[in-house]
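First the structure, in the form of structure tokens, and then the observations on it.
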Amino acid sequence: DEAKALLENIIADNPKDARPLEALGNILRSRERYAEARQYYDRAITLIGKAGREHWSLYYARGVCGERMKDWRTAEFDLKKALELSPDESSVLNYLGYTWVHHYENLKTAMDYIKNAASQNAHVFYGQVFDDSLEDRFLVTVIATGFPPVRASVPSKRRLKDSPEPAANGRSSGVRVSPHRDVVADD
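The structure is reproduced here in structure tokens:
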């Protein structure tokens, strides 16, 4: 709340600057206060007037808030606008793609977006399962492979025998790397 008060003062002192509005929206969104965050994004978008490529993140963030608030049609509009402003932005491609899959809409385009967000060389597979126990719902699984390698500092095989035991929760105490990406060890 201290950061909010500070940014509110900056906003009051700079009423024509959208940046502190976006910053406050980002803080509130990170704290899952989506309705409040969306109000700041609304104000910032109104302030900028005609949106340019540099404003894609405002629409993306407002779209995320809308999706989290279950206001899907407004969220979809904002995510599409973000993509229109910055067509190669992987965050937008990924979020819109997976959200369409979640809503079982535009599946072919969604898969293309997910693939483009990952890598042109990615392989994306999907399928759905109909299970009577799910009643009127269904389950969709998406698998994307072929991501470019991520360089990470990982113990070499020579040092693994000397590495500490896994932590009590069963996880290694070493580097955490997304399970969706290959890891290239630095030897």
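Letter by letter, the sequence shown follows residues 55 to 241 in the numbering used here. Ideal placement from N, C-alpha and C gives every residue a C-beta, glycine not left out.
Mind reading off the beta-carbon distance from residue i to residue j? Whole number of angstroms is fine, and I expect it under 8 Å.
{"i": "N80", "j": "A57", "result": "Not quite, the Cβ-Cβ distance comes to about 10 Å (not below 8 Å), so this is no contact."}
{"i": "V272", "j": "Y149", "result": "No answer is possible for residue 272: the residues shown for the chain start at 55 and end at 241."}
{"i": "A89", "j": "M123", "result": "6 Å"}
Any idea if residue i is buried or exposed, counting beta-carbon neighbours within 10 angstroms, 16 or more meaning buried?
{"i": "R127", "result": "exposed"}
{"i": "T163", "result": "exposed"}
{"i": "S72", "result": "Per the sequence shown, the amino acid found at residue 72 is Ala instead of Ser. Classification of A72: buried, given that the 10 Å Cβ count is 16 or more."}
{"i": "R83", "result": "buried"}
{"i": "E108", "result": "exposed"}
{"i": "D55", "result": "exposed"}
How many Å lie between residue i and residue j at the Cα?
{"i": "S145", "j": "A171", "result": "7 Å"}
{"i": "S110", "j": "S140", "result": "Looking at the sequence shown, residue 110 is not Ser but Trp. So the two alpha carbons sit approximately 6 Å from each other."}
{"i": "D241", "j": "E138", "result": "Any reading at D241 must be qualified, since the residue scores a pLDDT of 34, below 50, and its modelled position is unreliable; the value itself is stated next. The alpha-carbon atoms of D241 and E138 are separated by roughly 42 Å."}
{"i": "L60", "j": "A91", "result": "16 Å"}
{"i": "P69", "j": "A105", "result": "18 Å"}
{"i": "E76", "j": "R85", "result": "14 Å"}
{"i": "G151", "j": "E62", "result": "34 Å"}
{"i": "L161", "j": "L147", "result": "13 Å"}
Grab me the residues of residue i's own chain with a C-beta within less than 7 Å of its C-beta, minus the 5 sequence neighbours each way, in chain order.
{"i": "A129", "result": "G117, G120, E121"}
Identify, in the order they occur along the chain, each residue of the same chain with its Cβ nearer than 6 Å to the Cβ of residue i, setting aside the five sequence neighbours on each side.
{"i": "K135", "result": "Y113"}
{"i": "I64", "result": "P74"}
Tell me which same chain residues have a C-beta within less than 8 Å of the C-beta of residue i, skipping the five on either side of it?
{"i": "T100", "result": "none"}
{"i": "D67", "result": "none"}
{"i": "D142", "result": "N170"}
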